[in-house]
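Chemist:
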Amino acid sequence: MPAPLPVPVVASEDEKPKSRSGGLGSYGIARLEREVAEFPDRFRIIDIPLDDIVESPYNPTHRQEPNEEELADILPSVREFGVMSAVLVCERAALVRNSPKLDQLTKRGQYVMVAGHRRKAASRLAGRDTVPAVVRNEFATARALNQIRLAENGGRLQLTPLEEAEGYQLLVDDGMSYQQIVDTVGGAVRSKGQVAKRLKLLQLTPLGRDLLNRQEITVDGALTLLSKLPEAGSQDRALKAATAGPPGERLSLKAAIEQESRRLELEGAVASARQQIAEMGLEEIDPTGRWGDAAWLHRLATENEVEIARAAGDLAGAAVVDGRIQYFRKSASPTASGAKAEKVKSSTATDTPADLEAARLAHEQRQAHYDASAARKDACRRMVNEFSEFRDSRRQALIEILAEAVLTGSTDKAVLRRPEVAEWTGTQIATEYDLGEVIRDNRAEANRLAFATALAVLEAQAADDKYLGDRPWPPAVQRYVRRLAELGYHSLTAYEEKKLA
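Structure below.
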């Protein structure tokens, strides 16, 4: 049986990286390898001992010595016939002369691999001592080796995202612009934005890099993590929540990022609230430590009650609960009515335990009604602040919110002057003329104003005292409250869950 014909070991057209411009073609590598394979007589080919050729310092270590399985396509031919197409190398001395910083990375060997490391690896596995090579010192620079590595490995050996990022960073450090990288590397890199996104991955913590390399998080997930949580400690907390423990108990990375974002926001709200208490000259108190189980008798639920207590010299201080300020008065009152400025009533012997318990429950329900509204307003403020992202990624929810605000029947000119709208948008609307100015001069701001107004309309309905207690909210308001929670901006309180049930 005749021996099989030797197979020229050179990349086929289908295997070569493709790009609009750049890629291996930028350096003539693909053309040069074809010429070496097809017209070897045109080149000075020498047999170089394998031990005299070192890998490019930019080739990832774990890719420098492919195993037999990875070389199954060329190893049988190399074992029988040897390497039929010479590899490309440059002289180490020339490389160090052109790029002195590589001296420490290429201490041994006389030559450095430019292209053909799989053929070299197959030669070693086949038990051969040498490999045919063409010496080309035009590639003996750090920039050339790095770009060739990015183009060749990106197209054939599939560098990890972090390996790509490290390569791009070296090119940036060497003075190349993002557009130059796109033009010369080519392959999968088709825009400056892609280069920028890869480089951003270098900001990951060691834990984040490890998880990305092990494909436990995606590139998109890593980029979202970096944009939402710039602080390293927060990144790691979110990553651990998404990857630690039994799979069934883990959060998704998106949910873990949102959870950590809320934790950070709560920390900021607590600090801001404490600063506000200090600026008002109030004492920050521990209500339970001061009054025990009777603390509810001292709690003030509305701004009107706070002003009345302040005017009467009855304001004891404030506490920070869930990032919001709660005010307390010195005297106690079992009354559940806060609608009027009544004189504070003290418990007397005529108050039965049932009367006091009923008053306590009514008082707590009223406070729960106002506390839930305050939390929802915080959620609305965050939604308005993220309007551009909300508009782009949650368009259906945006449309529903605008429509439901109309369905409540409370959309009128006065709502534009609600303090919440001004606070959330930073826009003061006192007259219809003001509104017309905003719409004329800034369409994007007008859209945000409409969104804030719709949220304010719905919240005004939800917070109305007529719905205090067991009276159900209208369907549109119920959908609004549920949506805040479903979108991740609000955690339903026990009071809200009972009303929604």
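Position 451 of the sequence shown, counted from 1, bears residue number 450 in numbering that gives the first Met the number 0, the numbering being contiguous throughout.
Just so it is clear, CB atoms sit at the ideal spot from N, CA and C, and this is done for glycine as well.
#1: Residues in the same chain with beta-carbon distance under 8 angstroms from Arg323, minus the five sequence neighbours each way, listed in chain order, please.
#2: Spell out the partners DSSP gives Arg298 in its beta bridges.
#3: From which residue to which residue does the alpha helix (DSSP H) around Gly232 run?
#4: Is Arg298 closer than 8 angstroms to Gln364 when the C-beta atoms are compared?
#5: Compare the beta carbon distance of Val502 and Ala455 with 8 angstroms and say whether it is the shorter of the two.
#6: Under the assumption that Tyr110 contacts Arg91 (Cβ atoms under 8 angstroms), give the Cβ distance between them as a whole number of angstroms.
#7: Would you check if the segment 93-101 and the segment 40-48 touch, i.e. whether three or more CB-CB distances between them fall below 8 angstroms?
#8: Classify Leu70 as buried or exposed, calling it buried when 16 or more other Cβ atoms lie within 10 Å of its own Cβ.
#9: Taking C-beta to C-beta, are Pro180 and Tyr167 nearer than 8 angstroms?
#10: Across which residues does DSSP place Leu314 in a beta bridge pair?
#11: Leu491 and Ala484 - do their beta-carbons sit closer together than 8 angstroms?
#12: Measuring from the CB of Arg118, is there a heavy atom of the ligand MN at a distance below 7 angstroms?
#13: Thr424: buried (16+ other C-beta within 10 angstroms of its C-beta) or exposed?
#14: Roughly how many angstroms separate the alpha carbons of Asp292 and Gln325, rounded to a whole number?
#15: Kindly indicate which three-state DSSP category Lys339 falls into: helix, strand or coil?
#16: Enumerated in chain order, which unbroken segments of the beta strand (DSSP E) with a length of 3 residues or greater are wholly contained in the segment 67-153?
#17: Please report the distance separating the alpha-carbon of Gly244 from that of Phe386.
#18: Where do the N-terminal and C-terminal ends of the alpha helix (DSSP H) with Ile398 fall, by residue?
#19: Is the segment 270-285 close to the segment 315-322, with three or more CB pairs under 8 angstroms?
#20: Take the Cβ of Phe38 as the centre, count every other Cβ of all protein chains shown within 10 Å, and call the residue buried at 16 or more, exposed below.
#21: Taking the CB atoms as reference points, tell me whether Leu161 and Leu200 lie closer together than 8 angstroms.
#22: Give me, in chain order, the residues of the same chain whose beta-carbon lies closer than 6 angstroms to that of Thr204; leave out the 5 immediate sequence neighbours on both sides.
#23: I'd like to check one pair, Glu32 with Leu87: are the Cβ atoms closer than 8 angstroms?
#24: May I have the straight-line CA-CA distance separating Val133 from Glu54, to the nearest angstrom?
#25: Where does the unbroken beta strand (DSSP E) through Asp46 begin, and where does it stop?
#26: Classify Leu360: buried if its beta carbon has 16 or more other beta carbons within 10 angstroms, exposed otherwise.
#27: For the segment 212-229 against the segment 256-263, are there 3 or more C-beta pairs whose distance is under 8 angstroms?
Modeler: With the structure as the only source:
#1: Shown here for Arg323: same chain residues with a beta carbon closer than 8 angstroms to its own, the five before and five after excluded, namely Ala268, Ala272, Asp370, Ala373, Ala374, Asp377 in chain order.
#2: Paired residues: Phe327.
#3: Counting along the chain, the unbroken alpha helix (DSSP H) around Gly232 starts and ends at 231-242.
#4: no
#5: Residue 502 lies beyond the stretch modelled for the chain, which goes from 0 to 500, so this question has no answer here.
#6: 6 angstroms
#7: Too few Cβ pairs lie closer than 8 angstroms, so no.
#8: buried
#9: First, the residue type needs correcting, since residue 180 is Ile and not Pro in the sequence shown. Going by C-beta atoms, Ile180 is nearer than 8 angstroms to Tyr167.
#10: Arg328
#11: Their beta carbons are under 8 angstroms apart, which means Ala484 touches Leu491 by this criterion.
#12: This structure does not include the ligand MN; it has no bound ligands of any sort.
#13: buried
#14: Straight across, the Cα-Cα distance linking Asp292 with Gln325 is about 16 angstroms.
#15: Note that Lys339 has pLDDT 36, beneath the 50 cutoff, so the model's placement of it is unreliable and no number is given.
#16: 86-90, 110-114, 129-134
#17: 35 angstroms
#18: 394-406
#19: Because the criterion of three Cβ pairs below 8 angstroms is met, the segment 270-285 and the segment 315-322 touch.
#20: exposed
#21: yes
#22: Ala231, Gln234, Asp235
#23: yes
#24: 15 angstroms
#25: From DSSP, the beta strand (DSSP E) with Asp46 extends over 44-48.
#26: exposed
#27: yes
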